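Numbers -5 to 255, taken from our numbering, label the letters of the sequence shown in order.
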Amino acid sequence: MDIRLDGRVALVTGASSGLGERFARVLGESGARVALAARRVDRLEALATALRASGVMAHAVAMDVTRLESIEAGIEEAQAALGPIDVLVNNSGVSAAKRLGEYTEADYDHVMDTNLKGAFFVAQAVGRRMVARARAAAGADDSARGGRIINIASTAGLRPLAQLAVYSMSKAAIVQMTRSMAHEWGRFGINTNAICPGYIETDINREHWETPAGQKLLQILPRRRVGQPADLDALLVMLAANSGQFVNGAIIAADDGLSAG
Ligand SMILES: NC(=O)c1ccc[n+]([C@@H]2O[C@H](COP(=O)([O-])OP(=O)(O)OC[C@H]3O[C@@H](n4cnc5c(N)ncnc54)[C@H](OP(=O)(O)O)[C@@H]3O)[C@@H](O)[C@H]2O)c1
C-alpha cells in the first residue's frame, strides 16, 4: 500500500529541528502541503526553501506555542498561505533533566507551558477549525472531514524516565489529552492519536549520548542503539492519511521495545 497525502495540508510545530524537521520533510515528500511552525524562523525559512526546491509547497510561520495569540496568528497565516489544515503534528517540546529536589518553578513552567499547555492550545485552535469545517460539510462529500491530529508524546508518558519527572508528567498528560480529543472529536471525522517515541537522536539529547550516563543508558536499550528520526516515517504517514479511520485514540509506542520491558 502506497500511502499518499496529495491535496492535504499539514501543520508541523517544532519544525525547526529534530523530529519536527523530519516530519515536515516526510509529509511533504508524501504529497502534503506543509506549514512549518516554531520560534527560530530562520531555520524554518531554510527548510521551506529546501522543500520548495524539491517541489513541495511549504510555508514557514513564526509560532511560540506558549503564547495563545502567537498560536492563533501562526495558524491563520498558515491557512492563508496553504489552505485549511487537515493534519496537525503537535510536536514542539522541551526537556529539563534534574532530580526531583532540584526543579525550580521556572523549570517546571518551562516544560509544562511548552509540552502541555502549548500542545493543548495548538490542538484546540486547530481542532476548533476542523470541527467547524466538518459541521459546514455535513451531508456533503467526505473530503472536508478526515482531520488528523498527531500528538508527539514520549516513552516518558508511558513510564517515568530517570531525572525527567516533570517531562514525564507533561507527556503522560499528552496521552490523556489524546484520548479526550479522540473521544470528543471522533464524530467530526477527526482522528487524534499519539506517537510515543523512545530515544531518538536529536538536539534535545544529542550531547547526552557522549556522556558516561548516556553510554550507560545505551546498554539498557533493547538493541543498544538510539533511534534516528527516519525510524518514525512510516508511522507518521499512516496516521496522517485519510484512511485508517478506525485508528483513533491510539497511543503508539515507537521505542524499539523500551516501554515493553
Ligand atoms: N528525541 C527524542 O528522543 C524524543 C523522544 C520522545 C519524544 N520526543 C518529543 O519529540 C518532540 C520533538 O523533539 P526533538 O527531539 O525533535 O527535539 P528538538 O530538536 O530540540 O526540537 C524541539 C522543537 O520544539 C520547538 N519548540 C520548543 N519550544 C517551543 C515554543 N515555545 N514554541 C514553538 N516551538 C517550540 C523547537 O523550535 P524553536 O526552538 O525554534 O521554537 C524545536 O523545533 C518533543 O515534543 C519531544 O518531547 C523526543
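Built from N, CA and C at the ideal position, the CB exists for glycine as well. Bear in mind that the values here come from a model prediction, so they are computed numbers and not experimental data.
{"query": "D250 burial status per 10 Å Cβ neighbour count (16 or more: buried)", "result": "buried"}
{"query": "Simplified DSSP assignment, three categories, for L30", "result": "strand"}
{"query": "8 angstroms Cβ cutoff met for V160 and L5", "result": "no"}
{"query": "Collapsed DSSP secondary structure at G238 in the structure displayed", "result": "coil"}
{"query": "Contact the segment 118 to 132 vs the segment 174 to 182: 3+ CB pairs below 8 angstroms", "result": "yes"}
{"query": "Chain-order list of residues whose beta-carbon lies under 7 angstroms from that of V85 (same chain, five-residue window excluded)", "result": "Contrary to the premise, residue 85 reads as Asn rather than Val in this sequence. Counting only Cβ-Cβ distances below 7 angstroms, and skipping sequence neighbours, we find V6, T7, G8, L13, G14, F17 and I146."}
{"query": "Simplified DSSP state of T186, which is helix, strand or coil", "result": "strand"}
{"query": "Coarse secondary structure for I198, derived from DSSP in three states", "result": "coil"}
{"query": "For I214, three-class secondary structure by DSSP", "result": "helix"}
{"query": "Cβ neighbour criterion (16 or more within 10 Å) applied to F114", "result": "buried"}
{"query": "Closest residue to I274 among R219, K210, V3 and S148 (Cα-Cα distance)", "result": "What is shown of the chain runs -5 to 255, which leaves residue 274 out entirely."}
{"query": "Cβ-Cβ distance between K92 and D101 below 8 angstroms", "result": "yes"}
{"query": "Nearest candidate by alpha-carbon position, reference S48, set R37, R27 and A31", "result": "R27"}
{"query": "CB contact flag (N109, N187, <8 angstroms)", "result": "no"}
{"query": "For V88, three-class secondary structure by DSSP", "result": "coil"}
{"query": "Validate contact between the segment 206 to 220 and the segment 190 to 198 using beta carbons, cut 8 angstroms, 3 pairs", "result": "yes"}
{"query": "heavy atom of ligand 1 below 7 angstroms from A156 C-beta", "result": "no"}
{"query": "Own chain residues within Cβ distance below 8 angstroms of R46, not counting five before or after", "result": "A52"}
{"query": "Bridge partner(s) assigned by DSSP for T7", "result": "A31"}
{"query": "Neighbour flag for S253 against chain B, beta carbons, 8 angstroms", "result": "In summary, chain B is missing from the structure at hand, where a single protein chain is found."}
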